[in-house]
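In our numbering, the protein residues as written are 5 to 118.
Here is the structure we will look at, set down as structure tokens.
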């Protein structure tokens, strides 16, 4: 079992920055992949960024603005979001893959005002 707790969401003006953090209940070195997803109102949940031993990957809509990273000492996976746009608004979820099973956090709200 894995518990994930996201933090760092909030209200920010367009062009601003936020840093999301996802704290895991166990060592993150055991996770095959770690990722951030988001879900905007009325839309499907989408992958935003992913990190694994093979490197990182990003949705085209956030490339060059968002950076995913992990901290093995703190057991966190983080998402630095810069130059935020109103279309980045949504609930952001942390997801990890362990032994073929996906675990999700409860989500944190990000709202970007124009």
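Ideal Cβ placement from N, Cα and C applies to all residues, glycine included.
{"Query": "For residue 46 and residue 82, the rounded distance between their alpha carbons", "Result": "26 Å"}
{"Query": "For residue 37 and residue 102, the rounded distance between their alpha carbons", "Result": "8 Å"}
{"Query": "6 Å Cβ shell around residue 25 - same chain, five flanking residues per side excluded", "Result": "11, 12, 80, 82"}
{"Query": "Stretch-stretch touch, CB-based, cutoff 8 Å, three pairs: the region 55–73 with the region 86–94", "Result": "yes"}
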